[in-house]
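The opening residue of the sequence shown carries number 1 in my numbering; numbering runs sequentially from there. Report on one structure; see the data block that follows.
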Amino acid sequence: MNIILLGPPGAGKGTQAKRIVESMGLVHLSTGDMLRTAVKNKTPCGLEAEKLMDRGELVSDFVVMEIVSERLDERDARGGFILDGVPRNVIQAQMLGEALDEKGMSIDVVVEIIADDDALVERIGGRFACGECGKGYHKEFKRPEVEGVCDRCGSTKFAVREDDTPATVRNRLKIYHSQTEPLVQFYEKVGILKKVDGMADIDEVAEQIENAIKGV
Ligand code: AMP
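Set out below in structure tokens:
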């Protein structure tokens, strides 16, 4: 099963993708995570991407699609994958379609997670993650069980994403509406789009996604 998770920043794509990966054994391909790793490792692609990411702007379609295409060539992707954060615009969707055709692969379902902008700004504004294992938390909705200690790995180091500031979040939402949202129509026309309510609680969204996938 090959899936695209579509939705604005903060809608829960990463969280839901991790759950689907665990339950279905798919490869999780998050372009945001791949680019953050490239920035951390100061690779040429990371150096090019860093400033754009800090401002919430999109990185070049060619750079992104090259890393996606390379990752899809790895053997484990043959067993199914979930794309999180890509495609981000119609050009990327077209490039992805061509790359998949060449590889003899295709997308089975696109799940759109619908969420409200104001709630997203509030959600993103409070999020932070373990600096060691990356487990995600939220100041109000999901604090560690023991204050200051990661539930998963016990680390006491936490980090906030550079692009999670209110101004950058607003810019990311603006870009989502102008560039990424047209993909809803794009995939609706292809006939593979399913919608879920991203404002429901995490378990309920997961259940809705599971049902959407089951129906394919
Ligand atoms: P995300 O973790 O998906 O919110 O992505 C964080 C940032 O990485 C975005 O704001 C963009 O700067 C960049 N990025 C991630 N995926 C893409 C993509 N498919 N195309 C262009 N830029 C991307």
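The C-beta atom is built at its ideal place from N, Cα and C for all residues, glycine as well.
If you follow the beta strand (DSSP E) that residue i is in, where does it begin and where does it stop?
i: Ser30; result: Val27 to Ser30
i: Leu5; result: Asn2 to Leu6
i: Phe62; result: Per DSSP, Phe62 belongs to no beta strand (DSSP E); it is in the alpha helix (DSSP H), Asp61 to Leu72.
i: Glu112; result: Val109 to Ile114
i: Lys195; result: Leu193 to Asp197
Under a Cβ-count criterion, where at least 16 other Cβ atoms within 10 Å of its own Cβ denotes burial, should residue i be classed as buried or exposed?
i: Arg75; result: exposed
i: Val110; result: buried
i: Phe62; result: exposed
i: Glu112; result: buried
i: Ile107; result: buried
i: Asn211; result: exposed
i: Pro44; result: exposed
i: Asn41; result: exposed
Could you please give the first and the last residue of the uninterrupted alpha helix (DSSP H) stretch that includes residue i?
i: Gly136; result: Careful: Gly136 lies outside any alpha helix (DSSP H), inside the beta strand (DSSP E) at Gly136 to His138.
i: Phe186; result: Pro182 to Val190
i: Ala119; result: Asp117 to Gly125
i: Leu52; result: Pro44 to Arg55
i: Leu100; result: Val90 to Lys103
i: Leu173; result: Pro166 to Ile175
Given a cut-off of 7 angstroms, decide if residue j and residue i are closer than it, judged by their beta-carbon atoms.
i: Val196; j: Val205; result: yes
i: Met199; j: Gly80; result: no
i: Ala119; j: Pro8; result: no
i: Gly131; j: Lys157; result: yes
i: Gln185; j: Asn89; result: no
i: Leu183; j: Ala93; result: yes
i: Ile91; j: Ile3; result: no
Contact defined as beta carbons within less than 8 angstroms: I believe residue i pairs with residue j. What is the distance between those atoms, to the nearest angstrom?
i: Gly56; j: Asp163; result: 5 angstroms
Looking at C-beta atoms only, is the number of pairs between the region 49–69 and the region 26–38 that lie closer than 8 angstroms three or more? yes
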